[in-house]
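**Q** Keeping their order, the protein sequence lines are chains A and B. Residue 379 in this note's numbering is what sits at position 356 of the first sequence, and the numbering runs on without skipping anything. Residue 26 in this note's numbering is what sits at position 3 of the second sequence, and the numbering runs on without skipping anything. Quick one: structure below, then a few questions.
There are 2 protein chains.
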Amino acid sequence: MQNFVYDVPTKIRFGKGEEAMCGRELAGIGASRVLVHYGSDRVKISGLLGRIEDSLQESGLSAVELGGVAPNPRLELVRRGIDLCREEKVDAILCVGGGSVIDSAKGIAAGVLYNGDVWDFYTDKATPSDALPLGVVLTIPAAGSESSPGSVVTKPESRQKFYFNAQCVRPRFAILNPELTFSLPPFQTAAGAADIMAHIMERYFTREPNVDLTDRLCEAALRTIIRNVPKVLADPEDYASRAEIMWTGTIAHNDLLGTGRVDDWSSHDIEHELSAQYDVTHGAGLAVIFPAWMRYVNGEDPDRFVQFATRVWNVEYKADDRQAMIDEGIKKLRDFFSLIGLPTSLKELGVEDQRYDQMARQALRHGSLGNFKKLNQKDVVEIYRLAEG
Amino acid sequence: MQNFVYDVPTKIRFGKGEEAMCGRELAGIGASRVLVHYGSDRVKISGLLGRIEDSLQESGLSAVELGGVAPNPRLELVRRGIDLCREEKVDAILCVGGGSVIDSAKGIAAGVLYNGDVWDFYTDKATPSDALPLGVVLTIPAAGSESSPGSVVTKPESRQKFYFNAQCVRPRFAILNPELTFSLPPFQTAAGAADIMAHIMERYFTREPNVDLTDRLCEAALRTIIRNVPKVLADPEDYASRAEIMWTGTIAHNDLLGTGRVDDWSSHDIEHELSAQYDVTHGAGLAVIFPAWMRYVNGEDPDRFVQFATRVWNVEYKADDRQAMIDEGIKKLRDFFSLIGLPTSLKELGVEDQRYDQMARQALRHGSLGNFKKLNQKDVVEIYRLAEG
C-alpha cells in the first residue's frame with residue numbers, strides 16, 4: 024500500500040426531497056449571488072428548477088441562470104459562464120445536472136478568479152489555486168464529478184477533450200435525490216452505470232500489492248451496480264435501486280476506492296479520444312474500450328484478473344485453466360454491458376473509419392498511458408483494433 | 024434506504040513517516056499554540072513525541088504537553104486539560120494516541136469554549152456548539168475516534184461512562200502511520216480489532232431494507248479485519264497488514280458504512296456498563312457482549328443473520344436448516360475472537376459477581392436500547408446472562 028492523502032470534504036445530502044435544502048447549503052458556504060448552471064430545459068419542465076429557485080429565495084439569495092450545457096461540455100460555454108459571473112458579480116455556483124454541467128461549472132469557478140485563458144488549466148499551462156465555491160444538485164449518477172476535483176471539457180473545433188484536477192473546484196456540497204433520476208432514459212442510465220463501473224475498475228486494476236480493503240470495497244461497489252442496474256431498467260421508478268446506483272456513483276469516484284493504490288486510467292484516456300473525435304457518449308465508449316483493454320493487458324497480472332472473475336462475477340475456480348476464468352470474467356463484463364443495452368464494439372458505437380493512429384497520438388500526448396501496463400502508440404492502436412468487433 | 028447527511032471533512036494522511044507533517048497540518052488549521060495530548064510515556068520513550076515536537080517547531084508552533092491519559096479516560100483529566108488550555112492560551116489540540124486520548128481531547132476542546140461544567144455535555148444538559156480545532160497522530164487502530172464526532176468519558180467515582188456526539192469536535196486531520204502500531208501488544212491489537220468489528224456490526228445489523236451497497240461495504244471491512252489480524256499477531260511488524268487494519272478502523276467508524284441505515288449500538292451501550300463497573304478493556308468487553316447479543320436477537324430477522332453467515336464467514340447454505348447457518352455464523356465470530364486471544368465470556372473477562380440489574384438500569388437510562396430489537400431491562404439482563412459462559 025502506498026502512502027496517501029484522503030481529503031474529501033464534500034458534504035452529501037442524500038434522499039427524497041433534499042433539493043429543498045440547496046438554499047440553506049449555499050448560504051452555509053457564504054453565497055449571496057448564485058449562478059444556477061444547468062443543461063437542457065428538462066430541469067425547467069420537470070419543475071426542479073422552480074423548486075431550486077424557491078429554496079434560494081427562502082434563504083435570501085439572488086440568482087443568475089446559465090443553461091444549455093450539452094454532453095461532452097464545450098469550452099465556449101465555460102468562457103461564456105466566466106464572463107457572466109464577472110458581469111453579475113456571482114459569488115457561488117450551483118450545478119443542476121450531471122457530469123457535464125458540473126465539469127463546465129468547475130471550469131467557470133476556477134476561470135472567474137484567473138487572470139488568463141481558462142483553457143490554460145486544461146492544457147497544463149496553469150494550475151487553479153482558487154475558485155468560486157460550488158454546490159451540486161445531481162440528476163445523473165455517472166461521472167462522480169459531484170465530489171471529485173476533476174473537470175473534463177471539449178474544444179470541438181480542434182477535437183480536443185482535456186481535463187484538469189484541482190482541490191479548489193471540489194464541490195462543497197452535493198445533494199443526491201434518487202427520485203430526480205427516475206426520468207433518465209434507459210440508455211443514459213446504462214451509460215452512467217458503465218462510467219461508474221469504469222471509475223471503480225480504473226482503480227481496481229493495479230499492480231500495487233497489499234490493497235486488501237480497497238480491493239474488497241471496489242468489489243462491493245461493482246456488485247452493487249451489477250445487481251441494481253437491471254432492476255431500474257425494468258422499473259425506472261424503483262427508488263431503492265436508483266438510490267443504490269446514485270450513492271455508488273459518488274463513492275466510485277471520491278478517491279476512497281483508490282486510497283493507497285496506483286490507479287490505471289488508460290481506458291478513460293483512450294475513450295476520451297473517441298468522444299473528442301466522434302462525440303460519442305462517454306459511458307458507451309467505456310463499455311467498448313474497457314473490455315478491449317482487459318483482453319490486451321490481462322497477461323501482465325493474471326492473478327488480479329482471476330480475482331476479478333471469481334469475486335465480482337462468481338466464476339468458478341478452475342485450477343487447470345486459469346486463462347479460461349480470466350476470459351470468462353471479461354466476457355461476463357461485456358455480456359453485462361450488452362444486457363443493459365450498451366454497445367460493446369466500435370461498430371455498434373457507430374465508429375466505422377479508423378483514426379486509430381491519430382487518436383492514439385493525442386491520447387499519448389503526456390507520454391505513456393496507464394500503470395497496470397504502460398501503453399505506447401502501438402498498444403493503444405491495438406486496443407482500438409480489439410474494440411472493433 | 025433512509026435519507027442521510029454525510030459530512031466528514033477529516034483530512035487523512037496515511038503511511039510511513041507521515042507524522043512529520045503534523046506541524047504543517049496544524050499550521051494549516053490556524054494553530055499557533057498547541058496542546059499535545061497523549062497517554063503513557065511510551066510515546067516519549069519511542070521517540071514519537073520528539074519527532075512531533077520537531078515538526079511543530081519547524082512550523083513555528085509552540086506547545087504545551089498533557090500526558091497521562093489512561094484507557095476509559097476520566098473526567099478529572101478532561102477538566103485538568105480545560106484549565107491548562109485556558110491558562111496557556113492554547114488554540115488547537117494535537118492528540119497522540121488512540122481512542123482514549125482523542126476522546127478526552129474532544130471533551131477538552133469543547134469544554135474550553137463552554138461556560139459551565141464539561142460533564143454537562145455527557146449528561147445531555149448541554150450540546151457543544153464550538154470547539155478548539157483538533158488534529159490526531161493515531162497510534163492505536165480501534166475506536167475510530169480520529170474521524171468521528173463522538174467522545175466517551177468515565178466518571179469513576181459514580182461508575183458512569185457517558186458520551187456525546189458533536190460535529191464541532193470531529194478532528195480536522197488525522198495522521199495514520201501503520202509503523203506506529205508495530206509495538207502494540209497482542210491483546211491490545213486484538214481488542215482494537217474487536218472494537219473495529221463491533222463498529223461495523225452495530226451498523227450491519229439493521230432492520231432497514233434496501234441497503235445493498237452499505238451491506239457489501241460492511242462485509243468488505245469485516246473480511247479485511249478477519250484476514251489481517253491473525254497476520255499481525257504472527258508478525259507484529261507486517262506493515263501491509265497493519266496498514267489494512269488501521270485504514271479499516273477509520274472507515275469502520277467515519278459514518279460511511281452507516282449511510283442510509285438505522286444503526287443498532289445496543290452492544291456498545293451494554294458493554295459501556297461493564298467498563299464503567301469493572302474497568303475492563305472496551306474491545307474485550309465487546310468480544311464478550313456482541314455474540315451474546317446475537318444469540319438473543321437473531322430471531323428478529325433471521326435473513327440478515329443468514330447473510331452475515333454466508334457472506335462474511337463463508338458458511339454453506341443449508342436450505343433445510345437456516346438456524347444452523349445462523350448459529351454457525353455466530354460461532355465463527357466467537358471462535359475468531361478466541362483465536363486472536365480475546366475472552367468470549369464474562370468469566371474469562373474476570374467479571375464474577377452479577378450486577379446485571381444495576382448495569383441494565385444504567386444502560387437503559389435514556390429508554391429502550393438498540394434498534395434491531397428494542398431491548399428492555401429484562402432483555403439486557405438476559406444478554407448479560409448469555410454472556411456468562
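The beta carbon of each residue, even a glycine, is placed where N, CA and C say it ideally should be.
Thinking C-alpha only, which one of 396(B), 107(B), 279(B), 312(B) is nearest residue 356(B)?
**A** On the second sequence, position 333 is the one that residue 356(B) refers to. Of the candidates 396(B), 107(B), 279(B), 312(B), the one whose C-alpha sits nearest the C-alpha of residue 356(B) is 312(B).
**Q** Whole beta strand (DSSP E) runs in the stretch 178-252 of chain B with 3 or more residues, listed along the chain?
**A** The stretch 178-252 of chain B contains these whole beta strand (DSSP E) runs: 183-188, 196-199.
**Q** Hey, which unbroken runs of the beta strand (DSSP E) at 3 residues or more fall wholly within the stretch 83-128 of chain A?
**A** Runs of the beta strand (DSSP E) inside the stretch 83-128 of chain A: 85-89, 115-120.
**Q** With a threshold of 6 Å on Cβ separation, who are the neighbours of residue 47(A) within its own chain once the five nearest residues in sequence on each side are excluded?
**A** Taking the first sequence and counting its residues from 1, the one referred to as residue 47(A) is at position 24. Taken in chain order, the residues that qualify are 82.
**Q** From 170(B), 42(B), 179(B), 310(B), pick the residue whose C-alpha is nearest to that of residue 79(B); which is it?
**A** As a working note, residue 79(B) is residue 56 in the second sequence. Nearest of 170(B), 42(B), 179(B), 310(B) to residue 79(B), Cα basis: 42(B).
**Q** Compare the C-beta of residue 26(B) against all C-beta atoms of chain A and say whether one is closer than 8 Å.
**A** One-based indexing of the second sequence puts residue 26(B) at position 3. Closer than 8 Å to some Cβ of chain A, the Cβ of residue 26(B) qualifies, so yes.
**Q** Which residues in chain A sit within 9 Å of residue 340(B), going by Cβ to Cβ distance?
**A** Position 317 of the second sequence holds residue 340(B). Those within 9 Å of residue 340(B) in chain A number zero; the least Cβ separation is about 14 Å.
**Q** Taking the alpha-carbon positions, what's the residue 184(A) to residue 134(A) distance?
**A** On the first sequence, residue 184(A) is found 161 positions in, with the first residue counted as 1. On the first sequence, residue 134(A) is found 111 positions in, with the first residue counted as 1. Roughly 17 Å between the two C-alpha positions.
**Q** The beta strand (DSSP E) with residue 34(A) in it runs from where to where?
**A** Numbered from 1 along the first sequence, position 11 holds the residue referred to as residue 34(A). Per DSSP, residue 34(A) belongs to the beta strand (DSSP E) from 34-37.
**Q** Return no unless some Cβ of chain B is closer than 8 Å to the Cβ of residue 236(A).
**A** Within the first sequence, numbered from 1, the residue matching residue 236(A) stands at position 213. Yes - at least one Cβ of chain B is within 8 Å of the one on residue 236(A).
**Q** Does DSSP put residue 423(B) in a helix, a strand or coil?
**A** In this structure chain B extends from 24 to 412, so residue 423(B) is not present and cannot be described.
**Q** For the alpha helix (DSSP H) that contains residue 10(A), what are its first and last residues?
**A** Nothing in the structure corresponds to residue 10(A), since chain A is present only between 24 and 412.
**Q** Quick one: using the 10 Å Cβ neighbour count with 16 as the cut-off for buried, is residue 274(A) buried or exposed?
**A** Counting from 1 along the first sequence, the entry for residue 274(A) is found at position 251. Result: buried.
**Q** Output needed for residue 62(B): all residues of its chain with C-beta closer than 6 Å, excluding positions within five of it in sequence on either side, in chain order.
**A** Position 39 of the second sequence holds residue 62(B). So the list reads 92, 120, 124, once near-sequence residues are dropped.
**Q** Hey, how far is the Cα of residue 226(B) from the Cα of residue 166(B)?
**A** Numbered from its first residue, the second sequence carries residue 226(B) at position 203. Numbered from its first residue, the second sequence carries residue 166(B) at position 143. Using only the alpha carbons, I get a separation of about 15 Å.
**Q** Express the C-alpha separation of residue 322(A) and residue 291(B) in angstroms, rounding to a whole number.
**A** Taking the second sequence and counting its residues from 1, the one referred to as residue 291(B) is at position 268. Taking the first sequence and counting its residues from 1, the one referred to as residue 322(A) is at position 299. About 48 Å.
**Q** Per DSSP, what are the beta-bridge partners of residue 173(B) in this structure?
**A** Numbered from its first residue, the second sequence carries residue 173(B) at position 150. Residue 173(B) pairs with 188(B).
**Q** Is residue 380(A) close to chain B? Criterion is C-beta to C-beta, closer than 8 Å.
**A** Taking the first sequence and counting its residues from 1, the one referred to as residue 380(A) is at position 357. Not an interface residue.
**Q** Against chain B, does residue 18(A) count as a neighbour if the rule is that its beta carbon must be under 8 Å from one of theirs?
**A** Outside the shown range of chain A, which is 24 to 412, sits residue 18(A), and nothing can be said about it.
**Q** Below 8 Å CB to CB, which residues in the same chain sit around residue 341(A) once its five sequence neighbours on both sides are set aside?
**A** One-based indexing of the first sequence puts residue 341(A) at position 318. Excluding positions up to five away in sequence, the list reads 347, 348.
**Q** Check residue 160(B) in the structure and name its three-state DSSP category.
**A** One-based indexing of the second sequence puts residue 160(B) at position 137. Reduced to three states, the DSSP call for residue 160(B) is strand.
**Q** Nearest chain A C-beta to residue 50(B) closer than 8 Å, yes or no?
**A** Indexing the second sequence from 1 puts residue 50(B) at position 27. By this cut-off, residue 50(B) is not an interface position.
**Q** Run through chain A and tell me which residues come within less than 7 Å of residue 240(B), C-beta to C-beta.
**A** Within the second sequence, numbered from 1, the residue matching residue 240(B) stands at position 217. The answer, in chain order, is 240, 243.
**Q** Using the C-alpha atoms, what's the distance from residue 383(B) back to residue 391(B)?
**A** The residue given as residue 391(B) occupies position 368 in the second sequence. The residue given as residue 383(B) occupies position 360 in the second sequence. Computed Cα separation, rounded: 10 Å.
**Q** Check the Cβ of residue 263(B) against every Cβ in chain A and list those closer than 7 Å, keeping chain order.
**A** Against the second sequence, residue 263(B) aligns to sequence position 240. Here the neighbours are 24, 233.
**Q** DSSP has residue 59(B) in a bridge; who is on the other side?
**A** Taking the second sequence and counting its residues from 1, the one referred to as residue 59(B) is at position 36. Beta-bridge pairing links residue 59(B) to 88(B), 117(B).
**Q** Does the beta carbon of residue 246(B) come closer than 8 Å to any beta carbon on chain A?
**A** The residue labelled residue 246(B) in the question sits at position 223 within the second sequence. So, interface residue.
**Q** So the candidates are 302(B), 141(B), 224(B); which of them puts its Cα closest to the Cα of residue 150(B)?
**A** Translated into the one-based positions of the second sequence, residue 150(B) becomes position 127. Per the Cα distances, 141(B).
**Q** According to DSSP, simplified to helix, strand and coil, what is residue 398(A)?
**A** In the first sequence, residue 398(A) corresponds to position 375, counting from 1. In the structure shown, residue 398(A) sits in a strand (DSSP, three-state: E or B).
**Q** In this structure, what does DSSP give as the bridge partners for residue 313(A)?
**A** Residue mapping note: residue 313(A) aligns to position 290 of the first sequence, counting from 1. Note: residue 313(A) sits in no beta bridge, so no partner.
**Q** Quick one, which of 316(A), 402(A), 332(A), 388(A) has its alpha-carbon nearest residue 368(A)'s?
**A** As a first step, residue 368(A) is located in the first sequence; it is residue number 345 there, counting from the start. The residue with the shortest Cα to Cα distance from residue 368(A) is 316(A).
**Q** Using C-beta distances below 8 Å, list every residue in its chain close to residue 50(A), excluding the 5 sequence neighbours before and after it, in chain order.
**A** Walking along the first sequence from the start, residue 50(A) turns up at place 27. Once the five neighbours on either side are set aside, the close Cβ partners of residue 50(A) are 82, 83, 84.
**Q** Could you run through the stretch 161-184 of chain A and flag, in chain order, every residue whose CB is less than 8 Å away from some CB of chain B?
**A** Taking 8 Å as the Cβ-Cβ cut-off against chain B, none of the residues of the stretch 161-184 of chain A qualify.
**Q** When you compare the CB of residue 230(B) with every CB in chain A, is at least one pair closer than 8 Å?
**A** Counted from its first residue, the second sequence places residue 230(B) at position 207. With 8 Å as the cut-off, residue 230(B) does not count as an interface residue toward chain A.
**Q** Identify whether residue 28(B) lies in helix, strand or coil by the three-state DSSP scheme.
**A** In the second sequence, residue 28(B) corresponds to position 5, counting from 1. Residue state, collapsed to three classes: strand.
**Q** Find the nearest neighbour of residue 38(A) within the set 162(A), 280(A), 60(A), judged by alpha-carbon distance.
**A** One-based indexing of the first sequence puts residue 38(A) at position 15. Checked all of 162(A), 280(A), 60(A); the closest Cα to residue 38(A) is 162(A).
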